[in-house]
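*Asks:* This structure is in structure tokens; I'll ask about it shortly.
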Amino acid sequence: MEKMAMRALSMACVLLLAGCGSAEDESENAAANEVVELPHGPMLGAVDLSRPVDLQGAGGSWRMAIAPGRITFADAPGRAPVDFYPVSPRAERTRASYSTKTPDGDPVTITLVAAACGADRLPLTAEVRIGGRTFAGCGQQRGEGEPADEAANVTG
């Protein structure tokens with residue numbers, strides 16, 4: 690009989706504790722467990738490097754699109770872009786660099802500096818080194834919903 694009384698008392702305690710929470714507690718817990726998306730990734734001046742960035746040489750002589758998971762480069766107008774191995778930037782205060790490779794294994798270094806560039810005063814100055822070649826230009830954040838081909842038509 691004592692075992693039954695102890696078991697009943699234990700069950701009563703469990704049920705009593707289960708009823709202690711309120712609807713407000715549940716909503717607070719749900720809010721605390723929500724995933725909060727950060728407003729931006731690493732910043733280089735006003736440019737969010739976790740979003741697409743477009744670079745281009747003077748007069749459109751070359752273009753590059755950098756986006757999370759993808760880096761493409763075309764060394765002449767109208768030429769189909771080549772995919773480089775995607776990498777994350779190493780960002781410092783006013784400079785960011787990407788060290789990657791071409792599909793053929795040539796080293797690629799992309800350096801972005803938060804400094805006004807070109808006649809349009811774009812927010813980034815860019816230098817791209819591919820093997821022994823160096824390309825200078827300017828860059829900017831791609832606008833929301835703007836396709837890469839149109840975004841690459843910035844002036845430098």
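What the sequence shown shows, in our numbering, is residues 690 to 845, in sequence order.
Even glycine gets a Cβ: it sits at the ideal position worked out from N, Cα and C.
1) Buried or exposed for Ala-769, going by 16 or more other Cβ atoms inside 10 Å?
2) Which word fits Arg-831, buried or exposed, when buried means at least 16 other C-beta atoms lie within 10 angstroms of its C-beta?
3) Just tell me which of Tyr-787, Ala-805, Ile-760 and Ala-747 has its CA closest to the CA of Thr-814.
4) Are the Cβ atoms of Ala-803 and Thr-783 separated by less than 8 angstroms?
5) In whole angstroms, give me the CA-to-CA distance for Gly-826 and Val-797.
6) Rounded to whole angstroms, what's the CA-CA distance from Ala-765 to Ala-747? Just pull it up for me.
7) Sort Pro-778, Gly-749, Gly-794 and Ser-750 by Cα distance to Ser-739 and report the nearest one.
8) At which residue ranges does the segment 769-795 contain complete beta strand (DSSP E) runs of 3 or more residues, listed in the order of the chain?
9) Does DSSP classify Ala-747 as helix, strand or coil?
10) Note down the Cα distance separating Asp-795 from Ser-750, rounded to an integer number of angstroms.
11) How long is the line joining the alpha carbons of Gln-829 and Met-732, rounded to whole angstroms?
12) Identify every residue that forms a DSSP beta bridge with Ala-927.
13) So the beta strand (DSSP E) Ala-763 belongs to, where does it begin and stop?
14) What distance in whole Å lies between the Cβ atoms of Arg-752 and Pro-775, which are believed to be in contact at a cut-off of 8 angstroms?
*Replies:* From the atom records:
1) Start at 1 with the first residue of the sequence shown, and residue 769 comes out as number 80. Exposed: under 16 other Cβ atoms inside 10 Å.
2) Position 142 of the sequence shown holds residue 831. When all chains shown are included, Arg-831 counts as buried.
3) The residue given as residue 814 occupies position 125 in the sequence shown. The shortest C-alpha separation from Thr-814 is found at Ala-805.
4) Translated into positions along the sequence shown, residue 803 becomes position 114. Translated into positions along the sequence shown, residue 783 becomes position 94. The answer is yes: Cβ separation under 8 angstroms.
5) Residue 826 sits at position 137 when you count from the first residue of the sequence shown. Residue 797 sits at position 108 when you count from the first residue of the sequence shown. C-alpha separation (whole angstroms): 15 angstroms.
6) Here residue 765 refers to the residue found at position 76 of the sequence shown. Here residue 747 refers to the residue found at position 58 of the sequence shown. Between the C-alpha atoms of Ala-765 and Ala-747 there is a straight-line separation of about 11 angstroms.
7) Residue 739 sits at position 50 when you count from the first residue of the sequence shown. Of Pro-778, Gly-749, Gly-794 and Ser-750, the residue nearest in Cα terms is Pro-778.
8) As far as the segment 769-795 is concerned, its whole beta strand (DSSP E) runs of at least 3 residues are 771-773 and 784-790.
9) By one-based count along the sequence shown, residue 747 stands at place 58. Of the three classes helix, strand and coil, the one that applies to Ala-747 here is helix, per DSSP.
10) Your numbering for residue 795 matches position 106 in the sequence shown. Your numbering for residue 750 matches position 61 in the sequence shown. When only Cα atoms are considered, Asp-795 and Ser-750 end up about 21 angstroms apart.
11) One-based indexing of the sequence shown puts residue 829 at position 140. One-based indexing of the sequence shown puts residue 732 at position 43. In a straight line, the C-alpha of Gln-829 is about 12 angstroms away from that of Met-732.
12) Because the chain here runs from 690 to 845, residue 927 falls outside it and cannot be looked at.
13) Here residue 763 refers to the residue found at position 74 of the sequence shown. 759-763 is the span of the beta strand (DSSP E), which, as asked, contains Ala-763.
14) Here the question's residue 775 lines up with position 86 in the sequence shown. Here the question's residue 752 lines up with position 63 in the sequence shown. Actually they are not in contact, since the Cβ atoms of Pro-775 and Arg-752 sit about 17 angstroms apart, beyond 8 angstroms.
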